[in-house]
Amino acid sequence: MNKTGDLYSINGPVVKAKKMTGFMMHEMVLVGNVKLTGEIISLEGDDATIQVYEETTGLKPGEPVAGTGNLLSVTLGPGLIGSTFDGIQRPLNVLKAQSGDFLERGVIADALDMKKSWDVQMSKIKDGDQVVGGQIIATVKETSSVIHKIMIPPNISGIARNVKSSGKYTIDTTLMTVKSGDGDHDIKLYQRWPVRIPRPYMERLAPKEPLVTGVRVIDTLFPISKGGTAAIPGGFGTGKTVVQHQLAKWADADVIIYIGCGERGNEMTEVLEEFPQLIDPRNGKPLMERTILIANTSNMPVSAREASIYTGITMAEYFRDMGYNVALMADSTSRWAEALREISGRLEEMPAEEGFPPYLASRIGDFYERAGRAKVMGDDQRIGSVSVIGAVSPPGGDFSEPVTTGTKRFIRCFWELDRQLANARHYPSINWLDSYSEYTVELKEWISKNVDENFYKMRDRFMQILTEDDNLQQIIKLVGEDVLPDNQKLIVRIANIIKVGYLQQDAFSDVDSNCPFNKQDEMLKIILNYYDRADKLVSKGVAISEVLDNDIVNAIMRMKENIPNDKIESFKELNEKIDAFFDQLDKKYQVTVEA
Amino acid sequence: MPAKEYVGLSQINGPLIFVEKPSDVGYNEVVEITIGDQKRLGQVVQISDQMAMIQVFEGTNGLTIDNTRVKFLGKPLMIKVSDEMLGRVFNGIGQPIDNGPEILMGDSRDINGSPINPVSRMYPRNFIQTGISAIDALMTLIRGQKLPIFSGNGLPHNRIAVQITKQAKLKGEEAGNFAIVFAAMGIKHDEANFVRESLEQSGAIKNTIMFLNLADDPAIERIATPRVALTAAEYLAFDKNLHVLVLLTDMTNYCEALRELASARGEVPSRKGYPGYLYSDLASIYERAGMIKERVGSITQIPILSMPNDDITHPIPDLTGYITEGQIVLNRDLNRRGIYPPIGVLQSLSRLMKDGIGKGYTRDDHPHISSQLFASYSRVQEVKALASIIGEEELTDSDKSYLRFGQAFENEFLKQDEDEDRSIEETLDLGWKLLGYLPKIELTRVSEKEINDHYKEIKET
Ligand SMILES: Nc1ncnc2c1ncn2[C@@H]1O[C@H](COP(=O)(O)OP(=O)(O)OP(=O)(O)O)[C@@H](O)[C@H]1O
Ligand SMILES: [Mg+2]
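Taken in order, these protein sequences are the chains called G and V.
Using the numbering used here, you'd call the opening residue of the first sequence number 399 and step up by one each time.
Using the numbering used here, you'd call the opening residue of the second sequence number 957 and step up by one each time.
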């Protein structure tokens, strides 16, 4: 029988109750006569403080608080993919069916459909076999893109008994019973896991492979690895959400978890309307078939915003445990931090910087550390990864505020969005001088082997040109471009080609939205070939106006739009055109072509 | 259930009163406060078994510790909604102030509303033509959008808002089923009158509900005003199938009232003294815009706020920008130069335009030409800065063409009359015409085909 206590104080999402001896820290509780879901966030003597995940209007002192005996947990099993949940894993379409277009309070809904039966393919495990935590005992084709692997929960091992054969089952079916030292465990199609506790793995592995995003400025200049972490800070309207949506669409991950944390309702709707129509370039299936959405929009209760991040990352770890590469996007982690601040304020905790609680940085660190590439639990050496990409929304666009600085300590890719670029509609507005990726070194081997052995050389030359251009721009601002010598003018022009023709990438273009690695490679080659040949002439004293042919420059600027992903061979023609143009110039100025 | 009435308060502090040992009182419940023969409304903002903390909407002026009577009404603040509200004027908490009758018939609704379930939303895609070139071409308003005007003291935000309400139309649809909800928070009498008279002149007043909390009305009442207004708007949109345009002005006054209340409650402040939950609080207002699947109506919001000191990084515009779907930023420099509407286009943005313009919505070339105008006008700023240092004469030819383009853009494209209603085609053609000041090679955002179709170079004379 679960315990009950009595409410005695209500202050927004934070309520207090007495007679709470015996409740657990972080226990999930049902608050008041309307049974609002809440979680105990502090216990002191006989009193408990509870954060309530729903609107507390109308709650009265004296109403009951009922325990559930469980920590705040999520349900993990077939049916996750393609669903949209709120911050505490209530499926939003079930809530809609129960209470209509507007969210009501106190609605209880199963996270996963308990009535749906799935085609379960059992593994070779027989009665009497030894099984260990993480071992795969069955598979279910959850969507056309994702095979769901039913695993023994991480903390259970023992002897398998009563093993069912393959068939159609609901998720509540016991597929086998595991006899272990501490008793019998029924293994069903689903398992539950407390959101604030990371799921265990065998061994952490170093990053090796890039998470290919199809966004040129990211893949070429500031790549992220599978299992990596990245932050996208930027003022309002600079493009955080669009970058996150781009990654959710085109990143080469097996499963995408998209958390709308305190952001706009319409942005979730956009994903819901768009993703089922969009095709995953890897397998031709609708993108929604690999996607899970978690929506706690800005007008939904603030404490569920705090929980939504944990709900999401726990699901990510679960699919990692199956051996998948999962990418999780959180938009925006600042709203999560603000939820922490609000709760902390109501608890009257001593604030640190800007009203945030002193434990802000350590909470951020705990969250990002749940990303990573790992050898997962089980008996077959599977490798899985969770990549985490968090948006940061600094107040006033000022990157020195606590959430940005706190995040910077724990992530390894920093994609800084630049207000100036955004205002000039240069998208993605990722600043190429202040952003960085610590993965470039680790990914070099993979990219050299799988894309182009010269890729890094070319990338480094791009960075050099851009850095040099930045210096030259300082001079131009003071005295104008005319005073520069021709070779420096050329650098400025090439940098402009790189900015407009390469870094700029319209997310809403049919052709250029997603740019695969091989196209990036070809584009790098074209631009550098043009530069090298022009530079040779200019350094021989040929006037710069001679080498800046409108037609050629125009063709290079537009190659991203004019050459679609399935016509990569057209780059050869463009290159030939460039060579022909310069061959004729070389001849005219009698520059010898070196071997 | 008989309402519980208490006589006497334990404390009065700014806008707050405290009642000891309340019983059976709920969080956020409304209370009726009586002093002599005067009645006021309040709301429970914190409750424990020892004490109820109540904010008084009309202020605590004249309340006494011993003679104030407090009646707990057992429900949150509600208003009655019905068609009869159209054409009427109410105060900031929804009581009639036009000498007309009380609204007696109709549903009682909680002014706080409930969040729209994200899966019930319909993504807004319908282009509203405002007839203002800068808005239609560059920061297109979409039906169901929340698009605020970031203004400053002395800038013509009210005139722009009124021009939008007069001219707004949807292509190929008759204007019949629309309504306007106007919520004023702490604005001057003159401003409110200007809006009312303009709506009377255009005949829209009979489709308008006004909620007025003016500068000399109680500040705390403002906290309820936008919620009351949006409750009425939701009724019109989602029960009565109307397309509702909601004007909320001035959100800065609203936020200041919220700050006053927060500091009276002794809460830990965040930036500039505003409460840490300002973001969530504003979101609970702005997110009430939108469209819902299988329902006909819509709520389009145009909140207006004045940026203190013209500072766009101030918490009020900043947090608003993080919630709304773009912003229209007014620019003092343009205003000074006599350009109406003085819209600072580079800082302005409409996030929903990408799905509501172009083929099948406005015109095929719209996405590209808007991007091109932005890019070129942004280059104009750089060239201007350079010219102010090295002198116009020293500029390269291409830079000089940018200066000419910039001039023409501000004087012909941005600038228009208060009653000039340009169609989207006129606006886009005008944009192309002005791009003629720039050499073709500079136009990297538009396609070669679009250049062939629309571009005509203007040679210097
Ligand atoms: N890569 C892109 N391609 C084209 N347009 C873009 C791109 N990135 C951003 N934009 C434009 O910028 C607008 C704002 O972007 P976005 O909504 O991602 O900003 P944000 O940083 O998430 O803002 P907020 O913090 O307010 O949520 C988009 O609506 C779109 O018009
Ligand atoms: Mg965003």
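Note that CB positions come from ideal geometry on N, CA and C, so glycine has one too.
This structure is a prediction, so every number in the text was calculated from the model and none was measured.
8 Å Cβ cutoff met for residue i and residue j
i                      : j                      : result
residue 1186 (chain V) : residue 1202 (chain V) : yes
residue 624 (chain G)  : residue 718 (chain G)  : no
residue 585 (chain G)  : residue 541 (chain G)  : no
residue 1108 (chain V) : residue 1263 (chain V) : yes
residue 1406 (chain V) : residue 743 (chain G)  : no
residue 1306 (chain V) : residue 1282 (chain V) : yes
residue 724 (chain G)  : residue 655 (chain G)  : yes
residue 1245 (chain V) : residue 1100 (chain V) : yes
residue 1325 (chain V) : residue 1104 (chain V) : no
residue 835 (chain G)  : residue 621 (chain G)  : yes
Chain-ordered chain V contacts of residue i [CB-CB under 7 Å]
i                     : result
residue 588 (chain G) : The contacting residues do not exist; residue 588 (chain G) stays about 22 Å from chain V at best.
residue 671 (chain G) : 1079
residue 697 (chain G) : 1071, 1239, 1240, 1243
residue 794 (chain G) : 1269, 1274
residue 406 (chain G) : 1004, 1005
residue 499 (chain G) : 1072, 1073, 1076, 1248
Closer than 8 Å at the beta carbon, the chain G residues around residue i
i                      : result
residue 1167 (chain V) : By Cβ distance, chain G contributes nothing, its closest Cβ being about 20 Å from residue 1167 (chain V), past 8 Å.
residue 1351 (chain V) : 878
Distance between beta carbons of residue j and residue i, contact taken as under 8 Å
i                      : j                      : result
residue 1163 (chain V) : residue 1140 (chain V) : Not a contact, Cβ separation roughly 17 Å.
residue 1044 (chain V) : residue 1056 (chain V) : 6 Å
residue 653 (chain G)  : residue 688 (chain G)  : 5 Å
residue 548 (chain G)  : residue 557 (chain G)  : The Cβ separation is near 18 Å, so there is no contact.
residue 1022 (chain V) : residue 964 (chain V)  : 5 Å
residue 1209 (chain V) : residue 1150 (chain V) : The Cβ separation is near 17 Å, so there is no contact.
residue 1286 (chain V) : residue 1089 (chain V) : About 15 Å; that fails the 8 Å criterion.
residue 1135 (chain V) : residue 1192 (chain V) : 5 Å
residue 1321 (chain V) : residue 1384 (chain V) : 7 Å
residue 925 (chain G)  : residue 896 (chain G)  : 6 Å
Chain V residues whose Cβ lies nearer than 9 Å to that of residue i
i                     : result
residue 736 (chain G) : 1226, 1232, 1233, 1235, 1236
residue 666 (chain G) : 1074, 1075, 1077
Extent of the continuous alpha helix (DSSP H) to which residue i belongs
i                      : result
residue 1211 (chain V) : 1207-1220
residue 710 (chain G)  : 700-719
residue 583 (chain G)  : That residue, residue 583 (chain G), is in no alpha helix (DSSP H); its beta strand (DSSP E) goes 581-586.
residue 1276 (chain V) : 1271-1279
residue 1027 (chain V) : Residue 1027 (chain V) -> not in any alpha helix (DSSP H); beta strand (DSSP E) instead, spanning 1025-1028.
residue 839 (chain G)  : 838-848
residue 639 (chain G)  : 638-648
residue 830 (chain G)  : Element bounds for residue 830 (chain G): n/a, residue is neither H nor E.
residue 1181 (chain V) : 1181-1190
residue 1443 (chain V) : Because chain V is modelled from 957 through 1417, residue 1443 (chain V) falls outside the range shown and cannot be assessed.
Limits of the beta strand (DSSP E) - the one that residue i falls within
i                      : result
residue 782 (chain G)  : 781-790
residue 465 (chain G)  : 462-469
residue 1036 (chain G) : Nothing about residue 1036 (chain G) can be read from this structure; chain G reaches only from 399 to 993.
residue 574 (chain G)  : 572-578
residue 1047 (chain V) : 1045-1047
Contacts of residue i in chain G (Cβ-Cβ under 9 Å)
i                     : result
residue 981 (chain V) : 458, 459
Neighbour list for residue i in chain V, Cβ cutoff strictly below 8 Å
i                     : result
residue 739 (chain G) : 1226, 1232
residue 885 (chain G) : Neighbours of residue 885 (chain G) on chain V: none; closest Cβ ~18 Å, over 8 Å.
residue 822 (chain G) : 1302, 1330, 1331, 1334, 1335
beta-carbon residue i near ligand 4 non-hydrogen atom, thresh 7 Å
i                     : result
residue 802 (chain G) : Looking for ligand 4 in the displayed structure turns up nothing; the ligands present are ligand 1 and ligand 2.
Contact list for residue i against chain G, beta-carbon separation under 7 Å
i                      : result
residue 1310 (chain V) : 906
Are three or more beta carbon pairs between the stretch 450-458 of chain G and the stretch 512-520 of chain G nearer than 8 Å?
At 8 Å Cβ cutoff, the stretches do not touch.
Pair every Cβ in the stretch 905-923 of chain G with every Cβ in the stretch 953-969 of chain G, then say whether three or more of these pairs are closer than 8 Å.
A contact exists between the stretch 905-923 of chain G and the stretch 953-969 of chain G.
Meets three-Cβ-pair contact criterion under 8 Å: the stretch 987-1005 of chain V and the stretch 1017-1028 of chain V
Contact between the stretch 987-1005 of chain V and the stretch 1017-1028 of chain V is present, because at least three Cβ pairs lie under 8 Å.
Below 8 Å, how does it come out for the stretch 795-805 of chain G and the stretch 749-760 of chain G: are there three or more Cβ pairs, yes or no?
Contact between the stretch 795-805 of chain G and the stretch 749-760 of chain G is present, with at least three C-beta pairs closer than 8 Å.
Pair every Cβ in the stretch 1056-1074 of chain V with every Cβ in the stretch 1087-1099 of chain V, then say whether three or more of these pairs are closer than 8 Å.
The stretch 1056-1074 of chain V and the stretch 1087-1099 of chain V do not touch, with fewer than 3 CB-CB distances between them shorter than 8 Å.
Kindly confirm or deny that the stretch 670-688 of chain G and the stretch 407-422 of chain G touch, where touching means at least three C-beta pairs closer than 8 Å.
They do not touch, by the three-pair rule.
Should the stretch 580-600 of chain G be called in touch with the stretch 759-776 of chain G, which here means at least 3 C-beta pairs below 8 Å?
Contact between the stretch 580-600 of chain G and the stretch 759-776 of chain G is present, because at least three Cβ pairs lie under 8 Å.
Using 8 Å as the cut-off, can you tell me whether the stretch 875-883 of chain G makes contact with the stretch 1335-1350 of chain V, which would need three or more C-beta pairs spanning the two stretches below that distance?
Taking a cut-off of 8 Å for Cβ pairs, the stretch 875-883 of chain G and the stretch 1335-1350 of chain V touch, as three or more such pairs fall below it.
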